[in-house]
């Protein structure tokens, strides 16, 4: 089976449309959507409805921290800009859309694959995988051979050998990488809706479980149009600016 893995869509219709158009040419059998469908962007209703359509067609979908914030209300620790957007988003969504987000699981296990938004050690606590030590902690916490997660907004790949030796590298888009056993692997595809590695192009990844090949992809999209919608909705200006900067 060949998966397309998208994460951190963040209410960015232009980016999601571009990624799905690109993925349509990749002979995808199943989509895996790793959460944060809302927050930051100006098209939460459209993105949630598109995710619902994909789920009805058989896609995997798990909850992200911004999805939970929209369901429950923002946490006291949430920074001002995302807090403002969460409150705004709660006014844009219908009850059925919020109910869909509320019903999402925190993780999904499928054979040797784990799909989760944040990490494998405590999905509900939303801890970040900021480097090798957190990646090792996540891999050690699960029996899954390959973990796919989001939350970090930058593409990255980690591995852990059978004797506990860890490694990491930043992948090159379009180059297939064999995720061979006995290593464990942790895959961060990068954000579709708000990349933060200095490249504004949307991120996603594909994985073919028949060949164990992983490929990262970058897909240019109309950041100006997405940013204009953010400004028109009177959301924080910096959220529009960062789309063009990839930050």
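Residue numbers (the UniProt record's numbering): 1 to 247.
Yeah, the Cβ is synthetic: ideal placement off N, Cα and C, and Gly gets one too.
Reference residue i; option with closest CA among the options
i	options	result
residue 122	65, 170 and 49	65
residue 179	127, 146, 193 and 3	146
residue 137	119, 233 and 112	119
residue 9	22, 2 and 41	41
residue 52	31, 70 and 127	31
residue 222	206, 91 and 13	13
residue 172	155, 164 and 161	155
residue 90	129, 128 and 48	48
residue 28	191, 139, 58 and 151	58
residue 144	87, 127 and 187	187
residue 127	148, 152, 190 and 243	152
residue 22	202, 86 and 98	202
residue 97	139, 44 and 75	44
residue 37	140, 70, 77 and 24	70
residue 125	7, 77 and 95	77
residue 11	164, 35 and 161	35
residue 177	213, 235, 189 and 105	213
residue 7	1, 39 and 24	39
Own chain, CB closer than 7 Å to residue i, minus 5 neighbours either side, in chain order
i	result
residue 107	62, 114, 115, 116 and 123
residue 230	41, 42, 239 and 240
residue 16	9, 47, 50, 192 and 193
residue 162	182
Neighbourhood of residue i by C-beta distance below 6 Å, restricted to the same chain and skipping five residues each side
i	result
residue 185	146, 159 and 179
residue 246	195, 198, 199 and 200
residue 26	206
residue 168	132 and 158
residue 100	52
residue 83	74
residue 215	176 and 206
residue 220	201
residue 217	173 and 204
Strand pairing of residue i, partner residues [DSSP]
i	result
residue 187	148 and 157
residue 214	177 and 207
residue 42	BP columns for residue 42 are empty, so no partner.
Beta-carbon separation (whole angstroms), residue i vs residue j, contact threshold 8 Å
i	j	result
residue 204	residue 19	5 Å
residue 60	residue 33	7 Å
residue 189	residue 81	24 Å between Cβ atoms; not a contact.
Chain-order list of residues whose beta-carbon lies under 8 Å from that of residue i (same chain, five-residue window excluded)
i	result
residue 233	42 and 88
* Complete runs of the beta strand (DSSP E) confined to the region 12-39 [at least 3 residues] -> 30-33
* beta strand (DSSP E) runs wholly inside the region 97-134, at least 3 long, in chain order -> 107-110 and 113-116
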